[in-house]
Amino acid sequence: MRRVYLPLQTSIRGVRRRIQPPLPIKTLEETIDDRIKASTSLDAFGPMRNIRGKPASWLSDATTYADKNAAIFDPASELPYNPEDMEPVSRKQREEKLLRQKQKLSVKKRIGRISMSHIPIEEQVVILFPGQGSQHVGMGSKVVDHKPSMQLFERASEVLGYDLYELCKNGPKTKLDQTIYCQPAIFVSSLAAFEKLKDEENLEGRITDVAGFSVGEIAALVVAGVLRFDDALRLVKLRAEAMHECNQLVPSGMITIRISAASRLDDALNDAREAAVEAGERPLCEVANYLVQGVRVIGKPYPGDRGKGLPHDRVYIPQWIIEQVASPVKWEQIQQQLLKNVQIQMSDEPEKVDGEEIYPTYIEVGPGKQLGAMLYLVSKKMHRRYRNYPC
Numbered sequence: 001m002r003r004v005y006l007p008l009q010t011s012i013r014g015v016r017r018r019i020q021p022p023l024p025i026k027t028l029e030e031t032i033d034d035r036i037k038a039s040t041s042l043d044a045f046g047p048m049r050n051i052r053g054k055p056a057s058w059l060s061d062a063t064t065y066a067d068k069n070a071a072i073f074d075p076a077s078e079l080p081y082n083p084e085d086m087e088p089v090s091r092k093q094r095e096e097k098l099l100r101q102k103q104k105l106s107v108k109k110r111i112g113r114i115s116m117s118h119i120p121i122e123e124q125v126v127i128l129f130p131g132q133g134s135q136h137v138g139m140g141s142k143v144v145d146h147k148p149s150m151q152l153f154e155r156a157s158e159v160l161g162y163d164l165y166e167l168c169k170n171g172p173k174t175k176l177d178q179t180i181y182c183q184p185a186i187f188v189s190s191l192a193a194f195e196k197l198k199d200e201e202n203l204e205g206r207i208t209d210v211a212g213f214s215v216g217e218i219a220a221l222v223v224a225g226v227l228r229f230d231d232a233l234r235l236v237k238l239r240a241e242a243m244h245e246c247n248q249l250v251p252s253g254m255i256t257i258r259i260s261a262a263s264r265l266d267d268a269l270n271d272a273r274e275a276a277v278e279a280g281e282r283p284l285c286e287v288a289n290y291l292v293q294g295v296r297v298i299g300k301p302y303p304g305d306r307g308k309g310l311p312h313d314r315v316y317i318p319q320w321i322i323e324q325v326a327s328p329v330k331w332e333q334i335q336q337q338l339l340k341n342v343q344i345q346m347s348d349e350p351e352k353v354d355g356e357e358i359y360p361t362y363i364e365v366g367p368g369k370q371l372g373a374m375l376y377l378v379s380k381k382m383h384r385r386y387r388n389y390p391c
């Protein structure tokens, strides 16, 4: 008598187990019948599960997207509908999804958009606010006869804890040039000049853009209505104190140099680094920012509509201060963007007066004319429409 052994197989873990005999092969019809029975018998999945045994046209009975999704993707069965019957249903779902995406995008574009295209270009005004380096003793003396402007100085003195107008008017220069004092001085003097400018000239409904260089960015935010004066002044004060403290820890400075494309500035910087190393000082000497005529800004088209106001939260203010202080000032790119705004508003044939293209009026409000000089390097045509309103 022969002894018969059942077949054995060793698994990966070394455990011996018996091999199950193969399941009987069912025909396609038998498989479909079994799955339909299983689907229709599971009442817990809801009445829509029974649609598995019905033609695809019955999907029209589903009244919501969830019902349709449940009918198509039934967890009780993997059996799909007839592909030919499902194609019109799938096509309709794709079209509905695309339509919903377009509707969301259209709503997103409309939220918070402000159009200035109704104002003729020659009547539009762009306000520019200068930054650190434009300060001088005597700032504010030209707005002393304007009450709203002087009220800003009085309010600033209360927040800062010292007489800001006295410092701006009489100095001394060594104190006014310190970061901790000059930034609040430039900020308040620029806004004081803007208050007087509004009363002297008819700018109501004509200001389409505001921009600022360095601390002038914060002044621009105040004019745009994003920040209140008191909050912005505290921000400038904190910003100046942070920069002043960094300067005390690491003695440093900055200089603005106008060079040509053939300049050997890089060689001079390398020599300066070597000299600093030999002297035992920090060998950090580099170009912080370039302002070159002919530079092309790479970016998406900016429409005539202006963007919506940015959301703000006090929790993120410390982080924003750090980013604003440490980030480079891309003033040339800002000027190019302002120019692009005008070009987009123009038709294929730009509007001209006496053979020259029309541009808005650019007014630098505050001490100095540093932004006018930069504007000249960016576009001489734009600079023809530039003027300064001193404080």
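For the sequence shown, counting from 1, position 339 maps to 339 in our numbering; every step adds exactly one.
Glycine included, each C-beta is placed from N, C-alpha and C at the ideal position.
- Message: So for Leu176, helix, strand or coil by DSSP?
- Response: On the sequence shown, residue 176 is found 176 positions in, with the first residue counted as 1. Leu176 falls in the helix class under three-state DSSP.
- Task: Indicate whether the contact test is met: 3 or more Cβ pairs, each with one atom in the region 233-241 and one in the region 171-184, closer than 8 Å.
- Result: yes
- Query: Can you tell me where the alpha helix (DSSP H) with Asp209 in it begins and where it stops?
  - Reply: As a working note, residue 209 is residue 209 in the sequence shown. Taken as a continuous stretch (DSSP letters only), Asp209 belongs to no alpha helix (DSSP H), being part of the beta strand (DSSP E) at 207-212.
- Message: Quick check on DSSP: helix, strand or coil for Glu364?
- Response: On the sequence shown, residue 364 is found 364 positions in, with the first residue counted as 1. In this structure, Glu364 counts as strand in the three-state DSSP scheme.
- Check whether Ala211 and Leu221 have beta carbons under 8 Å apart: Working through the sequence shown from its first residue, we reach residue 211 at position 211. Working through the sequence shown from its first residue, we reach residue 221 at position 221. It is not a contact, given that the beta carbons lie outside the stated cut-off.
- Message: Against chain D, does Gln248 count as a neighbour if the rule is that its beta carbon must be under 8 Å from one of theirs?
- Response: Among the protein chains of the structure shown there is no chain D, as only one such chain exists.
- State the CB to CB distance for the pair Leu119 and Arg206, rounded to an integer number of angstroms; the pair is presumed to be in contact (CB under 8 Å). Here residue 119 is taken as the residue at index 119 of the sequence shown, counted from 1. Here residue 206 is taken as the residue at index 206 of the sequence shown, counted from 1. It is worth fixing the name first, because residue 119 is Ile in this sequence and not Leu. The pair is a contact, with the Cβ atoms about 7 Å apart (cut-off 8 Å).
- Compute the distance between the beta-carbons of Glu164 and Val188, then report whether it is under 8 Å. Reading the sequence shown from its first residue, position 164 is the one you call residue 164. Reading the sequence shown from its first residue, position 188 is the one you call residue 188. Going by the sequence as given, residue 164 is Leu instead of Glu. Their beta carbons are under 8 Å apart, which means Leu164 touches Val188 by this criterion.
- Task: Between the Cα of Glu123 and those of Phe194, Pro360, Val226, spot the shortest distance and give me the residue it belongs to.
- Result: As a first step, residue 123 is located in the sequence shown; it is residue number 123 there, counting from the start. The option with the nearest alpha carbon to Glu123 is Pro360.
- How long is the line joining the alpha carbons of Tyr162 and Gln178, rounded to whole angstroms? The sequence position of residue 162 within the sequence shown is 162, counting from 1. The sequence position of residue 178 within the sequence shown is 178, counting from 1. If you take the alpha carbons of Tyr162 and Gln178, they lie about 15 Å apart.
- Message: Can you tell me whether Gln132 is buried or exposed? The criterion is at least 16 other CB atoms within 10 Å of its CB, across all chains shown.
- Response: If you number the sequence shown from 1, residue 132 lands on position 132. Per the 10 Å Cβ criterion, buried.
- Task: Assuming Val137 and Lys173 form a contact by the criterion Cβ under 8 Å, report the distance between their Cβ atoms to the nearest whole angstrom.
- Result: Here residue 137 refers to the residue found at position 137 when the sequence shown is read from its first residue. Here residue 173 refers to the residue found at position 173 when the sequence shown is read from its first residue. Correct: roughly 5 Å between the Cβ atoms.
- Give the DSSP-derived three-state secondary structure of Arg155 in the structure shown. Mapped onto the sequence shown, residue 155 falls at position 155. Residue state, collapsed to three classes: helix.
- Tell me, to the nearest whole angstrom, how far the beta carbon of Val125 is from that of Thr208; I am working on the premise that it is less than 8 Å. The count along the sequence shown starts at 1 and reaches residue 125 at position 125. The count along the sequence shown starts at 1 and reaches residue 208 at position 208. Contact flag correct, Cβ pair sits at about 7 Å.
- Item | Contacting residues, own chain, Cβ-Cβ under 7 Å from Gly299 (five flanking each side not counted) | Locating residue 299 in the sequence shown gives position 299, where the first residue counts as 1. Below a pLDDT of 50, predicted positions are generally treated as unreliable, and Gly299, at 42, falls in that range; the measurement from the model is reported next regardless. Answer for Gly299: no residue qualifies.
- Item | Close beta carbons around Phe153, own chain, < 7 Å, minus the five adjacent residues each side | On the sequence shown, residue 153 is found 153 positions in, with the first residue counted as 1. Only Gly140, Leu164, Tyr165, Val188, Ala192 meet the Cβ criterion.
- Straight-line CA distance for Asp348 to Ala224? Taking the sequence shown and counting its residues from 1, the one referred to as residue 348 is at position 348. Taking the sequence shown and counting its residues from 1, the one referred to as residue 224 is at position 224. Since pLDDT at Asp348 reaches only 44, below the 50 mark, its modelled position is unreliable, and no value is offered.
- Taking Cβ positions, are Ser134 and Pro367 nearer each other than 8 Å? To locate residue 134, count along the sequence shown from 1; it is residue 134. To locate residue 367, count along the sequence shown from 1; it is residue 367. Yes, these two residues count as a Cβ contact at 8 Å.
- Task: Apply the 10 Å Cβ neighbour rule to Val250 and answer buried if 16 or more other Cβ atoms are within range, or exposed otherwise.
- Result: Translated into positions along the sequence shown, residue 250 becomes position 250. Exposed, by the Cβ-count rule.
- Task: Classify Glu195 as helix, strand or coil using the three-state DSSP reduction.
- Result: Counting from 1 along the sequence shown, the entry for residue 195 is found at position 195. Helix.
- Item | Proximity winner among His244, Arg91, Ala373, Ser379, relative to Leu176 (alpha-carbon distances) | As a position in the sequence shown, residue 176 is number 176, starting the count at 1. Among His244, Arg91, Ala373, Ser379, the Cα nearest to that of Leu176 belongs to His244.
- Return the bridge partner residues of Asn388 from the DSSP annotation. Stepping through the sequence shown from its first residue, residue 388 is reached at position 388. DSSP lists Glu364 as partners of Asn388.
- Query: From Leu203 to Tyr389, what distance separates their C-alpha atoms?
  - Reply: Counting from one through the sequence shown, the residue named residue 203 turns up at place 203. Counting from one through the sequence shown, the residue named residue 389 turns up at place 389. Distance between the alpha carbons of Leu203 and Tyr389: 14 Å.
- Message: Considering Cα atoms alone, identify which of Gly171, Leu197, Ile180 is closest to Gln248.
- Response: As a position in the sequence shown, residue 248 is number 248, starting the count at 1. Closest by alpha carbon: Ile180.
- Query: Could you give the distance in angstroms between the alpha-carbon of Glu357 and the alpha-carbon of Ser190?
  - Reply: Taking the sequence shown and counting its residues from 1, the one referred to as residue 357 is at position 357. Taking the sequence shown and counting its residues from 1, the one referred to as residue 190 is at position 190. Looking at the two C-alpha atoms, the distance is approximately 30 Å.
- Query: Three-state secondary structure (DSSP) at Glu201?
  - Reply: As a position in the sequence shown, residue 201 is number 201, starting the count at 1. Note: Glu201 maps to coil in three-state DSSP.
- Item | Nearest to Glu201 (by Cα), restricted to the options Arg100, Pro130, Ile363, Arg94 | Within the sequence shown, residue 201 is the residue found at index 201, counting from 1. Nearest C-alpha to Glu201: Ile363.
- Message: DSSP has Leu164 in a bridge; who is on the other side?
- Response: Indexing the sequence shown from 1 puts residue 164 at position 164. Answer is none; Leu164 lacks a bridge partner.
- Query: In terms of DSSP beta bridges, what is Lys121 paired with?
  - Reply: Counting from one through the sequence shown, the residue named residue 121 turns up at place 121. The residue asked about is misnamed: residue 121 is Ile in this sequence, not Lys. DSSP output for Ile121 lists no bridge partner at all.
- Since Val365 and Ile127 are thought to touch, with beta carbons under 8 Å apart, how far apart are those beta carbons, to the nearest angstrom? Numbered from 1 along the sequence shown, position 365 holds the residue referred to as residue 365. Numbered from 1 along the sequence shown, position 127 holds the residue referred to as residue 127. Correct: roughly 6 Å between the Cβ atoms.
- With a threshold of 16 other CB atoms inside 10 Å of the CB of Cys391, please say whether the residue is buried or exposed. Walking along the sequence shown from the start, residue 391 turns up at place 391. Buried, by the Cβ-count rule.
- Task: Under 7 Å Cβ to Cβ from Ala156, same chain only, skipping five residues before and after it: list those, please.
- Result: For the purposes of this step, residue 156 is identified with residue 156 of the sequence shown, where counting begins at 1. Here the set comprises Leu164, Pro184, Val188, Leu233.
- Query: DSSP three-state call for Leu227: helix, strand or coil?
  - Reply: For this step, residue 227 is matched to residue 227 along the sequence shown. Coil at Leu227, not helix or strand.
- Item | Span of the alpha helix (DSSP H) around Val378 | If you number the sequence shown from 1, residue 378 lands on position 378. Segment 370-378, the alpha helix (DSSP H) holding Val378.
- Query: Can you tell me whether Leu375 is buried or exposed, with buried defined as 16 or more other CB within 10 angstroms of its CB?
  - Reply: Residue mapping note: residue 375 aligns to position 375 of the sequence shown, counting from 1. Result: buried.
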